[in-house]
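Residue numbers (my numbering): 1200 to 1379.
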């Protein structure tokens, strides 16, 4: 049986996120109480087809109250067959895909969500881009990239890069000579 899950931030304790199967939406809950009369209470469950959920569902109200309008919109989209497959990919796979985009597309993608903004400015992505665009990366260049960041290194022109490398070598030489 195929279903979709997602993580809900925060501790809800007594409510599970709705499960979306191919044909139905299932909402489960249980009551947690210190009172003795509720100790034997069994979990509850509401199950509706996608069509019923989309048309006239009291479940919509419960999901909106507990999880918020964003999750309700997300459940609507899933029930209508609208899936955002990019959001479901792992970060490492997304970084690999993003590394093939043009710079303008990376800039646009970074504006679509917090996750993509973080990925599009990450050192891992820019290291992949730099390694893909350079024939050979020397250990000095790699050390400089670790200091200044791979993104900054990518946007630094060759003359500035040579100047940074020269300064780094001079600084390392002065550090070695000052050690006893």
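Even for Gly, the Cβ is constructed at its ideal location relative to N, Cα and C.
Residue range of the unbroken beta strand (DSSP E) whose run includes residue i
i	result
residue 1228	1223 to 1228
Closest by C-alpha distance to residue i, when choosing among the options
i	options	result
residue 1365	1352, 1343, 1294, 1348	1343
residue 1371	1257, 1339, 1269	1339
residue 1231	1241, 1225, 1222	1241
residue 1279	1355, 1337, 1224	1224
residue 1290	1274, 1318, 1368	1318
residue 1244	1284, 1228, 1233	1228
residue 1275	1252, 1264, 1286	1252
Three-state class that DSSP yields for residue i in the structure shown
i	result
residue 1247	strand
residue 1340	helix
residue 1202	In this predicted model, residue 1202 has a pLDDT of only 42, less than 50, meaning its place in the structure is not dependable; the value taken from the coordinates is given anyway. In the structure shown, residue 1202 sits in a strand (DSSP, three-state: E or B).
residue 1238	coil
residue 1335	coil
residue 1279	coil
residue 1299	coil
Presumed contact (8 Å Cβ cut-off) between residue i and residue j, rounded CB distance
i	j	result
residue 1226	residue 1277	Not a contact, Cβ separation roughly 14 Å.
residue 1323	residue 1293	Contact doesn't hold; Cβ gap of about 10 Å is too wide.
residue 1308	residue 1300	7 Å
Where the alpha helix (DSSP H) through residue i begins and ends
i	result
residue 1264	1257 to 1266
residue 1310	Where residue 1310 is concerned, there is no enclosing alpha helix (DSSP H), given that its DSSP letter is neither H nor E.
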